[in-house]
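Asks: This is the structure I want to talk about, given as structure tokens.
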Amino acid sequence: IVYSESVLNKPRESPWGDTQRAQKEGLELSIDEYDELGKYCKHKKIDWFASSWDEKSQILMRKYNFPFNKIASAMAINKSFVELVASEGKPTFASTGMTNIEEIDNLISIFKRHECPLMLMHTVSTYPSALEDLNLNCINTLKERYKIPVGYSGHEASVSPSVIAASLGAAAIERHITLDRAMYGSDQSASLQPDGFRQLNQILRNIPFILGDGKKRILKEEEFIASKLRYWLDK
């Protein structure tokens, strides 16, 4: 549905064959496999949802009653698709890679009209993304312009930009995960392996405690140390 016949017929070597069609079909999940994912996530009490790339798939995914929707950067300027997602009224994450401010304005206006909760996800649509291209200050630019929550979707090879994004106030962090970055696939180098994902998760959960409330105070432990180091106060 997403790709034209001419694109699907182009050559491409993959574990599933030598055409683009064979590769795309090899990567697709069947409805039975989505059913299995749903059962597993229910058993583990994990919220799950899918990012559809066409209207038919978006409608098909309704059977799972997802708590959220996700609009990929590539779909953010597809007006009819955005209308469909916003009409469902579910809290939605929308990535902003490959989009300019005018296009984001249009997306925002559709969600406002449908009174649908929205979180923008600042992202750069390169895989992996170079550090000098990440422009994380755009998180605050988007927050100031639209007055809605803004998160970060990272495609870089390391965890540090996601940590910085959270420190800047990103409301959510999205990362790709893979079992092995050496596996076949164009997204592998932009993904984290399980150990890296666990490390990032642990750091992100500590950020609120590390940042604190911003109020200047002297800790009890500091008072004791000060009594030893500020020797002149006893004279």
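Residue numbers (our numbering): 302 to 536.
Just so it is clear, CB atoms sit at the ideal spot from N, CA and C, and this is done for glycine as well.
1. DSSP three-state call for residue 438: helix, strand or coil?
2. For a quick check, are the C-beta atoms of residue 387 and residue 402 less than 9 Å apart?
3. With burial defined as no fewer than 16 other Cβ atoms inside 10 Å of the residue's Cβ, what is the status of residue 510: buried or exposed?
4. Please name the residue in 473, 377, 438 and 533 whose C-alpha comes closest to that of residue 399.
5. Can you give me the start and stop residues for the beta strand (DSSP E) that residue 475 sits inside?
6. Give a yes or no on whether the C-beta atoms belonging to residue 423 and residue 458 are separated by under 9 Å.
7. Closer than 7 Å by C-beta to residue 481: which residues in its own chain qualify, once you throw out the five before and the five after it? Chain order, please.
8. Can the beta-carbon of residue 373 be found less than 9 Å from the beta-carbon of residue 349?
9. I believe residue 303 touches residue 321 by the beta-carbon criterion, under 8 Å. Please report the beta-carbon distance rounded to the nearest angstrom.
10. If you run the structure through DSSP and keep just helix, strand and coil, what is residue 319?
11. Would you call the segment 322 to 330 in contact with the segment 339 to 346, where contact means no fewer than 3 C-beta pairs closer than 8 Å?
12. Given a cut-off of 9 Å, decide if residue 487 and residue 476 are closer than it, judged by their beta-carbon atoms.
13. Counting Cβ pairs, one atom from each stretch, are 3 or more of them under 8 Å apart for the segment 448 to 458 and the segment 420 to 434?
14. Could you tell me how far apart the beta carbons of residue 370 and residue 389 are, in whole angstroms, since I believe they sit closer than 8 Å?
15. Less than 9 Å between the beta carbons of residue 434 and residue 427, yes or no?
16. At which residues does the beta strand (DSSP E) containing residue 371 begin and terminate?
Replies: Reading off the structure:
1. coil
2. The Cβ-Cβ distance between residue 387 and residue 402 does not fall below 9 Å.
3. exposed
4. 377
5. 474 to 476
6. no
7. 494
8. no
9. Contact doesn't hold; Cβ gap of about 11 Å is too wide.
10. Correct three-state label for residue 319: strand.
11. no
12. It is not a contact, given that the beta carbons lie outside the stated cut-off.
13. Result yes; three or more Cβ-Cβ pairs closer than 8 Å.
14. 6 Å
15. yes
16. 370 to 372
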